[in-house]
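To keep things clear, I will list the structure first and then write my remarks on it.
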Amino acid sequence: MVPLSWLADHVEVPEGTDATALAAALVKVGLEEETIHPAKVQGPLVVGKVLSLVKETASNGKTVNYCRVDVGEFNDAPGSGKEPSELESRGIICGAHNFVEGDLVVVSLPGAVLPGDFQIAARKTYGHISDGMICSARELGLGEDHDGIIVLKKMFADREIPAPGTDIIGFLGLGEEVLEINVTPDRGYCFSMRGVAREFSHSTGAAFTDPGLVGNLVTSVPEASTDGFPVLVKDEAPIKGAMGADRFVTRIVRGVNPQAPTPRWMVERLEAAGMRSLSLAVDVTNYVMLDLGQPMHAYDLSALAAPIVVRRAKAGEKLQTLDEVERELDPEDLLITDSPESEGSRIIGLAGVMGGAYSEVEESTTDILLEAAHFDPVSIARTSRRHHLPSEASKRFERGTDPQLPAVAAQRAVDLLVEYGGGTVDPAVFDFNELSAAEAIEFPFEDAARLVGVDYSKDRVREILEAIGCEVVEGAEGIFLVTPPSWRPDLVGRAHLVEEVARLDGYDEIPSILPAAPTGTGLTGAQEARRQAVHFLAAQGLVEVLSYPFVSDSFDRQRLAESDPRRQALRLRNPLADDAPWLRTSILDTLLDAAGRNIARGADRAALFEQGLVARPEGTVPTGLLSASQRPSDEELGALYAGTPKQPQHIGVVLAGRASASPLAEETRSFAWSDALEIVLGLASILGVRVETCRAWDLEPSTVKGAPMPTPAQDPSEVAPWHPGRVARVFVRKGRELVDIAFAGELHPAVCKAFGLPARSCAAEIDLSALLEACSAEPIQVKPVSTFPVAKEDIALVVSSSIPVSRVEQVVRQGAGPLLEDLSLFDVFEGKQLGEGKRSLAFALKLRATDHTLTAKESAKVREDVVKKAEKVLGAALRS
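In the UniProt record's numbering, the protein residues as written are 1 to 880.
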């Protein structure tokens, strides 16, 4: 939150600048506008002088005051219909009784809008026209006091009150727009008025007075002494080698009046930033944090036992934080305690996150210990997230604060407590300082032009880097040695410096150049095929959905066997939702839930499909995380690839409920297993892949008279989530190997119930990656349409009832050879005359040649070849 009046304390704000202009200036340097909060009160809101008040008792027994109030230029003028005695004032009804004649009060006149969109208008009440309202503190959003109205000379005894009729919105701090900005994670210094003022200066060139430097906001900072309140840093388990606290300043202020009020200007600024005023000591620490960017904490000195100890938590330790929640601590949590462990240390806070209930400043506290420290950002971020405890302090520490600021911030807090709390500063100062020297970055200034595409001169690059606070020294061969300022922990490499040059020189100075599009590439074959697949499914009336690939209990609801490889799912280390930590191994894992939600919300049909990746971790070898400090070696990359699961593209289809269109157009029917199978076959057809089908429980290939053929498996659960008797297996042949492409059919009744789907709902899952591989292995061959007439042959073959129709059809196609144009089954017969376990399958063959009309002899030859092939492979006989 950025009020202009507060910003003006640190940077020169040109006259006439409003929140909109401020937002435009900050956007130029990368600080986005979130919103502009309007003023709390819209006028007219003026000073009024009570000329007279008459107590009247209404019929309901309530006593009110009818007041005549002088509001200057807003008084009733002659000719307004008022009695002469009522001119030069306004009549207002007021129910409060804490004021008398002659008092100066706050008056909201008709047309004013108070907090809560409370609009003021003249109205008749208690027998009079009340032409405005005399306001209380709560009505103006200045506090919770509603027992009486504001008497200005009592509330602001130290300030001169304006004359009656004067606009008082600015006097009360109610009329200022406040800009809310969005601060990116790398710009933590902008969570302070100091940082925003600096960026406004960069954008506009306005003079900036850095309040974080000695001699500006604070005149001087005393040197550390040996008698200060001591601090021990005992970080025996630093995270990534970084000490949990490398700077820790303590200061003491004694004799603070615990009843001293927070000055009104400070309360207004805290409220503008969205904070509530609590007490002077707490308000001062919050104000310094918002002003300078240094989080602070105030302790009751009388409740502490020296020294303060900064250490990691032990297993089993607990802490009740200021929000009155008892928290189980983790060994990585950095703690603030108040005595050595050997003496029974007491935990007084989670370092950089939130203080504990013990040693907090209370209503009777007179001696205050102030803490200003610099903590390791990684440690604070982990603690805040681990305990789900974001705070204003952690928000700043985890982004990196200025390690040179604690002493200045502590002195500023001391000055405010002395000035407004009547305290006395203790000369003792403790400053634990283990800061390491800042390292210079080797920066060839030409990098800015090379990476951005703008011809920045050497002097311009130096000017910008020095403007943001960097120390720039020119080294050998013109390379700059750049030392970033203490408040910019994000500047750690050349690219960061280039970004600063581009940002401050102006993003609008970077030309927009469209790269030349290469010609002759277009979509790859796989991309084109995937698009064809999606367009085909949409043309069939299916609706595409997109679901999150995270699942929980879907495996049990699908009735997958314990040994089913689809149960071997990858668990996420940091899932978006704790109840869905697994990556799906099947599109149906999530698509069935989507269909169930549609049915639950009243849909009478659900025809959905989804294309996406599934994770199959079989064969992966887990590996650790790689370091970002250098490029991984070939061995590390190989290990990384080996630890990455296979992620094939799948397509899932769910068909539930009504399949037919309007009952006037066709007979009403529900989806059947054949609908799912037809979709799979149609999809394979448009991709030019020749597929075969069989019963889905025929899972294991075997050999029948030299030809591979599926045979039934023993466990129907192997085809879950489908019904074992109403599902088809779709596959392609690669030599003597069968490659599964899809399963399609009716879902198991228990699965339908588990997902809230209608009975006999259907589904299909297609391995699109395998289908595309088959497509690329056998590219589509376009044949010219023959103009010669077709010849027809009908063949009835007697085969074993155990042989699938698809297998017989395959053999007939092989026997017919290239002259076969179309094949269809038109009759199935079983009877005693055929023998036990036999059936007759009658096929209609359409034959055509591309270069001549077939003769009767050629047609008879095809018929003969089919019969011979069927007899040899299947043991079939021609039905007489």
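Virtual Cβ for every residue (Gly too), placed ideally from N, Cα, C.
| query | Where does residue 52 sit, in a helix, a strand or coil, going by DSSP? | reply | If DSSP states are grouped into helix, strand and coil, residue 52 belongs with the strands.
| field | Span of the beta strand (DSSP E), counted from its first residue to its last, around residue 277 | value | Where residue 277 is concerned, there is no enclosing beta strand (DSSP E), given that its DSSP letter is neither H nor E.
| task | Check whether the segment 648-656 touches the segment 597-615, taking contact to mean three or more Cβ pairs, one atom from each stretch, closer than 8 angstroms. | result | Yes: the two stretches touch, three or more of their Cβ pairs being nearer than 8 angstroms.
| Under a Cβ-count criterion, where at least 16 other Cβ atoms within 10 Å of its own Cβ denotes burial, should residue 518 be classed as buried or exposed? | Label assigned to residue 518: exposed.
| query | What does DSSP give as the partner residues of residue 763 in its beta bridges? | reply | Residue pairing for residue 763: DSSP places it in a beta bridge opposite 654 and 745.
| Close-in-space but distant-in-sequence residues of the same chain around residue 302 (CB under 7 angstroms, 5 per side omitted) | Once the five neighbours on either side are set aside, the close Cβ partners of residue 302 are 367.
| query | Quick check: the segment 372-385 against the segment 241-258, are there 3 or more CB pairs under 8 angstroms? | reply | Counting Cβ pairs under 8 angstroms, three or more are found: they touch.
| task | Apply the 10 Å Cβ neighbour rule to residue 579 and answer buried if 16 or more other Cβ atoms are within range, or exposed otherwise. | result | Residue environment: residue 579 is assigned as exposed (fewer than 16 neighbouring CB atoms within 10 Å of its CB, all protein chains considered).
| query | Does the segment 58-71 come within contact of the segment 117-124, defined as at least 3 CB pairs closer than 8 angstroms? | reply | The segment 58-71 makes no contact with the segment 117-124, as fewer than three CB pairs between them are under 8 angstroms.
| field | Buried or exposed (CB count within 10 angstroms, at least 16 for buried), residue 788 | value | By the 10 Å Cβ count, residue 788 comes out exposed.
| residue 641, enclosing alpha helix (DSSP H) - first and last residue | Taken as a continuous stretch (DSSP letters only), the alpha helix (DSSP H) holding residue 641 covers 634-642.
| request: Determine the direct distance from the alpha carbon of residue 869 to that of residue 796, and round the result to whole angstroms. | output: Each residue's Cα considered, the two are about 14 angstroms apart.
| request: Using the Cα positions of residue 743 and residue 679, report the straight-line distance between them to the nearest angstrom. | output: Taken atom to atom, the span from the alpha-carbon of residue 743 to that of residue 679 is near 11 angstroms.
| message | Could you pull the DSSP bridge partners for residue 354 from this structure? | response | Bridge partners of residue 354: 350.
| request: Take the Cβ of residue 533 as the centre, count every other Cβ of all protein chains shown within 10 Å, and call the residue buried at 16 or more, exposed below. | output: The residue is buried, with at least 16 neighbouring Cβ atoms inside 10 Å.
| Spatial distance of residue 704 from residue 874 (CA atoms) | Because the pLDDT of residue 704 is 32, which lies under 50, any placement of that residue in the model is unreliable, and the question is left without a value.
| task | Provide the residue span of the alpha helix (DSSP H) that contains residue 598, from first to last. | result | Segment 588-600, the alpha helix (DSSP H) holding residue 598.
| query | How many angstroms separate the CA atom of residue 800 from the CA atom of residue 794? | reply | Distance between the alpha carbons of residue 800 and residue 794 is about 20 angstroms.
| request: Return the chain-ordered list of same chain residues with a C-beta closer than 6 angstroms to the C-beta of residue 706, the five sequence neighbours on each side being excluded. | output: Below a pLDDT of 50, predicted positions are generally treated as unreliable, and residue 706, at 32, falls in that range; the measurement from the model is reported next regardless. The answer is none, since no qualifying residue turns up.
| message | Can you check which of these residues, 102, 408 and 186, is closest to residue 153 by C-alpha distance? | response | Considering only alpha carbons, the answer is 102.
| field | residue 575 in three-state terms, based on DSSP | value | Residue 575 falls in the coil class under three-state DSSP.
| said: So, for residue 529: in the same chain, excluding its five sequence neighbours on each side, which residues have a beta-carbon less than 7 angstroms away from its beta-carbon? | reply: Correct list, in chain order: 687, 772 and 775.
| For residue 503 and residue 3, the rounded distance between their alpha carbons | In this structure, the alpha-carbon of residue 3 lies about 24 angstroms from that of residue 503.
| request: Write down the C-beta distance between residue 30 and residue 188 rounded to the nearest angstrom, noting that I regard them as a contact closer than 8 angstroms. | output: Between residue 30 and residue 188 the beta-carbon gap is near 13 angstroms, outside 8 angstroms, which marks them as no contact.
| said: Measuring only the C-alpha atoms, how far is residue 317 from residue 355? | reply: One C-alpha to the other measures close to 15 angstroms.
| message | Here's the rule: buried if 16 or more other CB atoms are within 10 angstroms of the residue's CB, otherwise exposed. What is residue 621? | response | Flag for residue 621 reads exposed.
| query | Straight-line CA distance for residue 413 to residue 42? | reply | Rounded to the nearest whole angstrom, the C-alpha separation of residue 413 and residue 42 is 34 angstroms.
| field | Supposed contact pair residue 847 and residue 854 - C-beta distance, whole angstroms, cut 8 angstroms | value | The beta-carbon distance between residue 854 and residue 847, rounded to whole angstroms, is 6 angstroms. This is short enough to meet the 8 angstroms contact definition.
| request: Give the DSSP bridge partners of residue 65, in chain order. | output: Answer is 55 and 94.
| request: Go through its chain and collect everything with a Cβ distance to residue 178's Cβ below 6 angstroms, but skip five positions before and after it. | output: The beta carbon of residue 178 lies closer than 6 angstroms to those of 1, 3, 37 and 272 in the same chain, with the five residues before and after it left out.
| task | Pick out whichever of 863, 838, 821 and 872 has its Cα sitting closest to the Cα of residue 849. | result | Taking only the C-alpha atoms, the option nearest residue 849 is 821.
| request: Could you tell me which residues DSSP puts in a beta bridge with residue 441? | output: Answer by DSSP bridge pairing, in chain order: 482.
| task | Rank 46, 379, 551 and 159 by C-alpha distance to the C-alpha of residue 174 and give the top, closest one. | result | Residue nearest to residue 174 within the set 46, 379, 551 and 159 is 46 (criterion: CA-CA distance).
| task | For residue 458, collect the residues of the same chain with a Cβ closer than 6 angstroms to its Cβ; drop the 5 residues on either side in sequence, then sort them by chain order. | result | These residues qualify, in order along the chain: 445.
| field | Backbone secondary structure at residue 286 - three-state DSSP | value | If DSSP states are grouped into helix, strand and coil, residue 286 belongs with the helices.
| field | Exposure label - residue 662; buried when at least 16 CB within 10 Å | value | Looking at its Cβ environment, which holds fewer than 16 other Cβ atoms inside 10 Å, residue 662 is exposed.
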